[in-house]
Amino acid sequence: MSGGCSIVWFRRDLRIEDNPALAAGVRAGAVVAVFIWAPEEEGHYYPGRVSRWWLKQSLAHLDSSLRSLGTPLVTKRSTDSVSTLLEVVKSTGATHIFFNHLYDPLSLVRDHRAKEILTAQGIAVRSFNADLLYEPWDVNDAQGRPFTTFAAFWETCLSMPYDPEAPLLPPKRIISGDISRCPSDLLIFEDESEKGSNALLARAWSPGWSNADKALTTFINGPLIEYSKNRRKADSATTSFLSPHLHFGEVSVRKVFHLVRIKQVLWANEGNKAGEESVNLFLKSIGLREYSRYMSFNHPYSHERPLLGHLKFFPWVVDEGYFKAWRQGRTGYPLVDAGMRELWATGWLHDRIRVVVSSFFVKVLQLPWRWGMKYFWDTLLDADLESDALGWQYISGTLPDGRAFDRIDNPQFEGYKFDPHGEYVRRWLPELARLPTEWIHHPWNAPESLLQAAGIELGSNYPLPIVGIDAAKVRLQEALSEMWQQEAAFRAAIENGTEEGLGDSSESAPFAFPQDMQMEETHELVRNNLPTTIRRYEDQMVPSITSLLRVEDQETSSDIQNVAEDSRGVVPRNVNVNQEQSRYALNQGAAQTIHGNNNLPHFSVVSDPGNVEDSTAESSSSSRGIVPVWSPPTASYSDQFAGDENGIGTSSYLQRHPQSHQIMNWRRLSQNG
DNA sequence: CAGAAGTTGCG
DNA sequence: GCAACTTCT
244 MSGGCSIVWF RRDLRIEDNP ALAAGVRAGA VVAVFIWAPE EEGHYYPGRV
294 SRWWLKQSLA HLDSSLRSLG TPLVTKRSTD SVSTLLEVVK STGATHIFFN
344 HLYDPLSLVR DHRAKEILTA QGIAVRSFNA DLLYEPWDVN DAQGRPFTTF
394 AAFWETCLSM PYDPEAPLLP PKRIISGDIS RCPSDLLIFE DESEKGSNAL
444 LARAWSPGWS NADKALTTFI NGPLIEYSKN RRKADSATTS FLSPHLHFGE
494 VSVRKVFHLV RIKQVLWANE GNKAGEESVN LFLKSIGLRE YSRYMSFNHP
544 YSHERPLLGH LKFFPWVVDE GYFKAWRQGR TGYPLVDAGM RELWATGWLH
594 DRIRVVVSSF FVKVLQLPWR WGMKYFWDTL LDADLESDAL GWQYISGTLP
644 DGRAFDRIDN PQFEGYKFDP HGEYVRRWLP ELARLPTEWI HHPWNAPESL
694 LQAAGIELGS NYPLPIVGID AAKVRLQEAL SEMWQQEAAF RAAIENGTEE
744 GLGDSSESAP FAFPQDMQME ETHELVRNNL PTTIRRYEDQ MVPSITSLLR
794 VEDQETSSDI QNVAEDSRGV VPRNVNVNQE QSRYALNQGA AQTIHGNNNL
844 PHFSVVSDPG NVEDSTAESS SSSRGIVPVW SPPTASYSDQ FAGDENGIGT
894 SSYLQRHPQS HQIMNWRRLS QNG
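Each residue of the first sequence is one higher than the one before, starting from 244 at the first, in the numbering used here.
So, in structure tokens, the structure goes:
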């Protein structure tokens, strides 16, 4: 035992600086650094081409850094991370495993399982917070409940009684564990057809932790001070460009936070108001990233279900033609189209333009937001499940503090707001390049002679708008009243205990996902909660139906107002304790119970069995010994909601929308429908 | 000119 | 949904 080495399991923490798992491994002695590539585990969220390209570069970078410290990065190809970990344990004689927390649903399930299985094998497992300023379970309102709006959440984060932990320095030297019997697999991240497109990416981006560090320094010493002034320009290089680095954990968000804070103090002392505002705005975007993990942890389905239940009844337009026009940048709205072409060409989009194209998708085209989210997932360099889910839910009006659902932003006006001189449109839509600025964002109004002079033939080399804004507004109003009717009918049926007839509503409800729709991918249903998607690479732009049709969809939607009672992460030590209580049990010393298959369908934060000795911890900042885990939904998943009628505190949302107060009983619906 | 009506930003 | 702001009448 004493001779045993430690495995440091790298995932989305591809850095050596401020990496608590790595630091713990180094402290414990010899280290085997491992990365396991098991993309099939991600199901529908198999990483897209550009995201895989980034990962490949980032791993190479990490490997060379680790080598210079004394040990290589062992890479393994796998379809089951946990069994691969076990193999690595056996071939290296490791006695400890260290890793950093992730908060997406799949990782929570997998990491929980890893911890159970490895612990059962006598391996000491410890996990750490490396991705967040504060762990999700440490940020609560005065009643100890999780927040449901961002502003309150972030305000609390910024005024926590203790600062986020200071960043750790990188190790000076790593003693390598014995990997002579643990050879690396060659990992393939791109196929032949992808190489050409990928070659272009290297011109614009430099993955890897030390490049991330440079990007951070450059931003903080440069564009940060003008961030508030410049952030609206679609075309300018005034954002931090940190998001892909942050996604892969190449730079620690705590380091970002600390460095930005230093500037904040400096500028505050100088009375630099613009600088201060810039810092606050930039930190807010860091906060949104935090919040995305927070929401994912508290609402494990937020990447596939609207958080506000009534949106379940919105009659989405299921139109592949619209979807295709959007993807190809042929909607007839120049700003939208320019954005979509940029996204396809570069894997990147300014935050404002993400809002423009996604809100056009949801409000004008009224396509189901999850399709758009899936497309973003496939194409964005910084594709991030939690952040993207939060973004799309925000746009779709399915958050208590989301955008008003019934408002349509006019891309023409937004064009002049974000791209006043039309430069952005001209860059990405060369066919419109010769159109004067006056008409660049609404070519359909331009005089025919002008169009001719500019070489534009609307409907031919550039499309007319595929949907008029006025028509979209009318259709949106109709859709919304239909939604409320369906919702009311549904609630009435629930109250009467007569769900008959609701089969209809469930059918037309967009969320009973379009079974009738023939998408282009082979699909098979989820089995054992580990969906296998057969991907067709000819057109990764079409989302798979499997990404939409999940058995769980027949079940419940977690209404956000049920937060405290639903699938929220808890810190249970006994299986059946009251959840509120159990969340506090965290601070009262750990029981090592990991309730594996107990049918508790919610997240749970389980005390780390490898860390029992730390369990005297009295402050929640000691939650380093805690792993967030999540038990997969079982057949009993919706049972929890069926009887869940106890009073839930009023959120601001509830006060505004008493009509969606009722908890929906999706299970009964699906059984009868 | 006051007040209504519409717009915009909000995370 | 609301506050702040602009435009209309």
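We put the CB at the ideal spot given by N, CA and C, even for glycine.
Identify whether residue i lies in helix, strand or coil by the three-state DSSP scheme.
| i | result |
| --- | --- |
| Ile683 | helix |
| Arg369 | strand |
| Lys476 | coil |
| Arg718 | helix |
| Phe396 | helix |
| Gly658 | helix |
| Asn515 | coil |
| Ile529 | helix |
| Leu257 | coil |
| Arg677 | coil |
| Trp448 | coil |
| Ala217 | Residue 217 is absent from the model: the chain starts at 244 and stops at 916. |
| His501 | helix |
| Asp381 | helix |
| Gln609 | coil |
| Pro852 | The predicted model places Pro852 with a pLDDT of 32, which falls under 50 and marks its position as unreliable, so this point remains unresolved. |
| Ser495 | coil |
| Met583 | helix |
| Ala281 | coil |
What whole-angstrom Cβ distance do residue i and residue j have, given they're in contact under 8 Å?
| i | j | result |
| --- | --- | --- |
| Thr327 | Ser321 | 4 Å |
| Phe253 | Val277 | 7 Å |
| Arg548 | Glu629 | The pair is not a contact, with the Cβ atoms about 14 Å apart (cut-off 8 Å). |
| Leu531 | Phe393 | 7 Å |
| Leu678 | Ala697 | 5 Å |
| Leu608 | Tyr667 | That pair is no contact at about 21 Å. |
| Asp580 | Arg573 | 6 Å |
| Leu467 | Phe525 | 6 Å |
| Trp452 | Glu260 | 7 Å |
| Glu657 | Val605 | Rounded, the Cβ-Cβ distance is 14 Å, inconsistent with contact. |
| Leu624 | Ser423 | So it is not a contact: roughly 37 Å between Cβ atoms. |
| Asp478 | Asp662 | 6 Å |
| Pro654 | Phe603 | 6 Å |
| Cys248 | Ala267 | The pair is not a contact, with the Cβ atoms about 13 Å apart (cut-off 8 Å). |
| Ser483 | Phe462 | 4 Å |
| Pro263 | Ala337 | In fact, because the Cβ distance is near 18 Å, the residues do not count as touching under 8 Å. |
| Leu298 | Leu316 | The Cβ separation is near 12 Å, so there is no contact. |
Quick one: Cα of residue i to Cα of residue j, how far?
| i | j | result |
| --- | --- | --- |
| Tyr346 | His546 | 12 Å |
| Pro414 | His488 | 20 Å |
| His684 | Leu586 | 19 Å |
| Leu411 | Ala732 | 56 Å |
| Glu922 | Arg718 | A query on residue 922 cannot be resolved here, the shown segment of the chain reaching from 244 to 916 and no further. |
| Thr318 | Ala395 | 42 Å |
| Ala281 | Asp621 | 17 Å |
| Gly615 | Asp323 | 29 Å |
| Asp594 | Val494 | 20 Å |
| Glu856 | Thr362 | Confidence at Glu856 is low in this model, with a pLDDT of 32, below 50, so its placement is unreliable and the value that follows should be read with caution. So the two alpha carbons sit approximately 15 Å from each other. |
| Gly420 | Asp649 | 59 Å |
| Tyr637 | Lys716 | 19 Å |
| Ser350 | Asn383 | 23 Å |
| Ala834 | Arg369 | With a pLDDT of only 28 at Ala834, under 50, the local geometry of the prediction cannot be trusted, and the value read off the model is given with reservation. The straight-line gap from Cα to Cα measures roughly 15 Å. |
| Asn523 | Met538 | 21 Å |
| Phe694 | Trp569 | The residue asked about is misnamed: residue 694 is Leu in this sequence, not Phe. Cα-Cα distance, rounded: 23 Å. |
| Tyr576 | Val496 | 36 Å |
| Arg917 | Lys617 | Because the chain here runs from 244 to 916, residue 917 falls outside it and cannot be looked at. |
| Leu551 | Pro611 | 15 Å |
| Gly645 | Ser639 | 7 Å |
From the DSSP output, read off the bridge partner residues of residue i.
| i | result |
| --- | --- |
| Ser249 | Val274, His339 |
| Tyr705 | Leu701 |
| Leu236 | The structure shown has nothing for residue 236, since the chain only spans 244 to 916. |
| Ser419 | Val274 |
Would residue i be called buried (16 or more neighbouring beta carbons within 10 Å of its own) or exposed?
| i | result |
| --- | --- |
| Val251 | buried |
| Lys472 | exposed |
| Gly746 | The predicted position of Gly746 is uncertain, since its pLDDT is 39 and thus under 50; a value taken from the coordinates is nonetheless stated next. Exposed. |
| Thr789 | Confidence at Thr789 is low in this model, with a pLDDT of 23, below 50, so the placement of that residue should be treated as unreliable; the coordinate-derived value is given next. Buried, since its Cβ has 16 or more Cβ neighbours within 10 Å. |
| Asn688 | exposed |
| Val508 | exposed |
| Ile596 | buried |
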